[in-house]
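Data first, discussion second: the structure below is written as structure tokens.
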Amino acid sequence: MEDPRKWELKKLINAYCHLEQTRKFHVQRIFAEENRLRKSLASWENTHRRFERLGKLNDFHDLFTETQRQQAKLAATLQTFLDFNPDLKDLNYYKEATGLLE
């Protein structure tokens, strides 16, 4: 029977990678909304549209900070898992996890 720690390590790595992709998406959306806001200001768009864009920008900033907080928490969990399971060092998952944390 396989070691359940391998499964747990794989789940932690996948969760960390998912949060990393989510964080990158939020950064991309922040840049896009900033560009839209600049274009909106340059073209003298209606005030309510500017407020909508500012609201979206603020929402994406909030999502970005929340994702960073979750990622930091998961990184701490992953580091603790690696510290408590040094006998898994020969696994590819262990090497991948240490690479993610660096």
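Numbering follows numbering that gives the first Met the number 0, with no gaps: position 13 of the sequence shown is 12. No residue lacks a Cβ here, since even glycine has one placed at the ideal position from N, Cα and C.
Selected residue, minimal CA-CA separation from residue i, among the options
i, options, result
"residue 96", "45, 8 and 26", "8"
"residue 101", "23, 28, 75 and 90", "75"
"residue 22", "55, 67, 36 and 53", "67"
"residue 20", "10, 94 and 70", "70"
"residue 58", "43, 25 and 1", "25"
"residue 140", "84, 60, 65 and 43", "The displayed coordinates of the chain run from 0 to 101. Any statement about residue 140 would go beyond what the structure contains."
Proximity below 8 Å, CB of residue i to CB of residue j
i, j, result
"residue 29", "residue 63", "yes"
"residue 49", "residue 40", "yes"
"residue 4", "residue 87", "yes"
"residue 18", "residue 73", "yes"
"residue 81", "residue 93", "yes"
"residue 53", "residue 33", "no"
"residue 99", "residue 15", "yes"
Helix, strand or coil at residue i [DSSP, three-state]
i, result
"residue 88", "coil"
"residue 95", "helix"
"residue 42", "coil"
"residue 32", "helix"
"residue 101", "coil"
"residue 75", "helix"
Residue i CB to nearest heavy atom of the ligand FMN below 7 Å
i, result
"residue 42", "Within the structure as shown, the ligand FMN is missing, as the structure has no ligands at all."
- Considering only residues of the segment 2–26, which uninterrupted alpha helix (DSSP H) runs meet the minimum length of 4 residues and lie entirely inside it, listed in chain order? none
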